[in-house]
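Residue numbers (our numbering): 16 to 246.
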Ligand SMILES: [Zn+2]
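Right, dumping it as structure tokens:
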């Protein structure tokens with residue numbers, strides 16, 4: 016390709032069909048994280064590198080993300096049976112991607128991982144990222160569907176270290192809040208806030224989130240009652 020100031024081409028050897036292809040990645044100086052939302056969704060200035068995290072083979076349709084582990088031997092037989100054979104026609108989304116292309120790329124990674132029975136934590140992270148992409152395009156209903164799937168996978172997830180476990184617990188509470196399941200949210204945040212063995216980072220995150228939620232609720236209710244009075 017001619018030099019492109021926004022993207023570089025990453026060389027990939029497909030783990031399934033072994034053929035070679037190139038796929039775009041965002042140049043590191045083309046984006047900056049401006050902030051993180053309460054479920055850790057990064058808000059970028061410039062391009063969004065999330066759009067290019069999944070490499071989709073244009074020859075066979077296999078989708079690969081660096082967090083996947085079941086990418087060899089017997090797992091490939093499962094992927095062949097449950098994913099590759101079911102695909103209608105591999106698509107080519109190796110260059111500049113729209114948000115819809117990005118959603119498709121993550122859904123393909125999700126399907127590959129489901130076929131190879133990857134760990135629930137990996138499935139949860141994929142579902143969460145699909146939900147984030149829908150949030151960016153204001154697809155509220157689809158966002159909720161994937162947040163629900165993510166929460167379900169997080170409830171079956173384990174991490175290999177304390178920080179990872181606390182992140183799972185926090186996200187379970189946070190997604191419950193976003194899904195309107197107040198009983199679960201309250202239970203999750205209260206546990207993180209009151210458990211002295213939880214790190215300061217997550218105790219503080221949980222306290223801030225739960226308190227600002229209650230404050231917002233209170234403000235909304237107060238406004239509503241003023242509205243009622245002035246009617
Ligand atoms: Zn391939």
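Backbone N, C-alpha and C fix where the C-beta goes; we use that ideal spot for every residue, glycine too.
Alpha carbon of residue i to alpha carbon of residue j, nearest angstrom
i: residue 213; j: residue 180; result: 10 Å
i: residue 18; j: residue 122; result: 30 Å
i: residue 103; j: residue 120; result: 15 Å
i: residue 133; j: residue 124; result: 11 Å
i: residue 35; j: residue 67; result: 17 Å
i: residue 54; j: residue 48; result: 15 Å
i: residue 234; j: residue 223; result: 16 Å
i: residue 116; j: residue 154; result: 15 Å
i: residue 58; j: residue 200; result: 24 Å
i: residue 160; j: residue 91; result: 28 Å
i: residue 209; j: residue 202; result: 11 Å
i: residue 97; j: residue 211; result: 45 Å
i: residue 43; j: residue 111; result: 16 Å
i: residue 175; j: residue 232; result: 36 Å
Per DSSP, the bridge partner or partners of residue i
i: residue 78; result: 71
i: residue 58; result: 50
i: residue 40; result: 23
i: residue 28; result: 35
Distance CB(residue i)-CB(residue j) smaller than 8 Å
i: residue 172; j: residue 130; result: no
i: residue 74; j: residue 109; result: no
i: residue 78; j: residue 127; result: yes
i: residue 144; j: residue 65; result: yes
i: residue 190; j: residue 166; result: yes
i: residue 164; j: residue 142; result: yes
i: residue 192; j: residue 228; result: yes
Beta-carbon contacts of residue i that lie in its chain and below 7 Å, excluding the five residues immediately before and after
i: residue 185; result: 207, 217, 220, 221
i: residue 62; result: 21, 41, 45, 46
Presumed contact (8 Å Cβ cut-off) between residue i and residue j, rounded CB distance
i: residue 118; j: residue 162; result: Rounded, the Cβ-Cβ distance is 14 Å, inconsistent with contact.
i: residue 80; j: residue 69; result: 5 Å
Cβ neighbours of residue i in the same chain (closer than 8 Å, five flanking residues each side left out)
i: residue 150; result: 56, 158
i: residue 99; result: 31, 75, 76, 77
i: residue 24; result: 16, 37, 38, 39, 40
i: residue 82; result: 137, 140
i: residue 106; result: 71, 73, 76, 119
i: residue 94; result: 31, 77, 127, 130, 131
i: residue 194; result: 159, 162, 163, 166
Residues near residue i in its chain [Cβ-Cβ closer than 6 Å; skip 5 each side]
i: residue 204; result: 188, 221, 225
i: residue 60; result: 47, 49
i: residue 135; result: 168, 171, 172
i: residue 86; result: 30
Within-8 Å CB hit, residue i to chain D
i: residue 46; result: Of the protein chains in this structure there is only one, and it is not chain D.
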